[in-house]
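Numbering (our numbering), first residue to last: 1 to 229. We treat Cβ as the ideally placed atom computed from N, Cα and C, and that holds for glycine. These notes are about the structure you will find just below.
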Amino acid sequence: MNPAIPGPEGVLNGPAGQGNIHGGDRGTAEMGELIQLPGTARDEETSLITRAPWEFRRPLWETSHFVQMRKVLAGRFEKEIAAGGDPAALSPPTPPHFVLKGAAAYTVRAMFRYREQEHRMREVYFLAGLMDCMINQVNTVLRTDLLRDIYKKVFSLKESLSVNWYGPLDHPLLPIDPEFFAEAEYRRRLGEAATLKTLYQAIRAGTDEMFDLLALEYAFYTPSLGGRP
1 MNPAIPGPEG
11 VLNGPAGQGN
21 IHGGDRGTAE
31 MGELIQLPGT
41 ARDEETSLIT
51 RAPWEFRRPL
61 WETSHFVQMR
71 KVLAGRFEKE
81 IAAGGDPAAL
91 SPPTPPHFVL
101 KGAAAYTVRA
111 MFRYREQEHR
121 MREVYFLAGL
131 MDCMINQVNT
141 VLRTDLLRDI
151 YKKVFSLKES
161 LSVNWYGPLD
171 HPLLPIDPEF
181 FAEAEYRRRL
191 GEAATLKTLY
201 QAIRAGTDEM
211 FDLLALEYAF
221 YTPSLGGRP
């Protein structure tokens, strides 16, 4: 699994051997409803914080960072743990996942803060897209005095959302597997924007698409040790 937006913020870890890249009958049913049998759907609910707009969960293993994992892998992993696995011993092995560090850590922390307010979450992600564009994108608009307007918009959004990023800001957007998102096409649309208005529109459309994909395909585990959501 390779992130669509690579960098130290998206650290992909897998089981041993894969390397590190920075992925009954009615009576039984009734009894399961009462005592929560291992492997039932209710096991996955024990770690759930929010299911939408984004799925945030409490980790079943020790981590000091936010972890981003495919939902299908997260569900399977939690069922295996509920069936008797020991996450502390990596048995079953932790599935491939992204450890969110650097600028991406501040982004996901802000998303968690507004986890029940979708409009604000989308604004935070649009802001992350603006910063990413200023840092990583080549565009003629960014070589003109209009760059000042982008700076003003960034600072205005930071103030209204009460969010900030510290340290290197090279990759404020979260990683997305290339099978879901065509980063090159997104970059092409940004590069072709001829006016500030069309640049904003391209960033908004792109970050909204990313937001929806992250909501659909990924679960986010909060820090359990030495970190704060």
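Cutoff 7 Å; reference residue i; Cβ partners in own chain excluding five residues on either side
i, result
"Lys153", "Leu130"
"Glu116", "Thr50"
"Glu123", "Leu157 and Leu161"
"Asp149", "Leu196"
"Pro53", "Glu118, Met121 and Ala215"
"Pro168", "Gly102 and Ala103"
Unbroken alpha helix (DSSP H) run spanning residue i, endpoints
i, result
"Arg70", "That residue, Arg70, is in no alpha helix (DSSP H); its beta strand (DSSP E) goes Phe66 to Arg70."
"Arg189", "Glu183 to Glu192"
"Pro209", "Here residue 209 turns out to be Glu, not Pro, going by the sequence shown. Where Glu209 is concerned, the enclosing alpha helix (DSSP H) stretches over Leu196 to Glu217."
"Glu159", "Leu147 to Leu161"
"Phe56", "No alpha helix (DSSP H) contains Phe56, which is instead part of the beta strand (DSSP E) from Glu55 to Arg57."
"Phe126", "Glu118 to Asn136"
Spatial distance of residue i from residue j (CA atoms)
i, j, result
"Lys101", "Leu73", "21 Å"
"Arg120", "Phe112", "11 Å"
"Gln201", "Asp208", "10 Å"
"Trp165", "Pro95", "29 Å"
"Phe77", "Ser47", "12 Å"
"Leu213", "Tyr221", "17 Å"
"Glu219", "Arg187", "According to the sequence displayed, residue 219 carries Ala and not Glu. Going by the C-alpha atoms only, they are around 25 Å apart."
"Met134", "Glu192", "15 Å"
"Phe126", "Ala184", "18 Å"
"Lys79", "Leu60", "11 Å"
"Val138", "Leu190", "8 Å"
"Tyr114", "Leu199", "26 Å"
Cβ separation of residue i and residue j, assumed to be a contact under 8 Å, to the nearest whole Å
i, j, result
"Phe98", "Pro175", "5 Å"
Cβ shell of residue i (< 6 Å), same chain only, five flanking positions each side left out
i, result
"Arg26", "A caution first: Arg26 carries a pLDDT of 41, below 50, which makes its placement in the model unreliable, though a value can still be read off. Here the set comprises nothing."
"Phe211", "Arg122 and Tyr125"
Unbroken beta strand (DSSP E) run spanning residue i, endpoints
i, result
"Phe98", "His97 to Leu100"
Three CB pairs or more closer than 8 Å across the region 159-166 and the region 134-150: no
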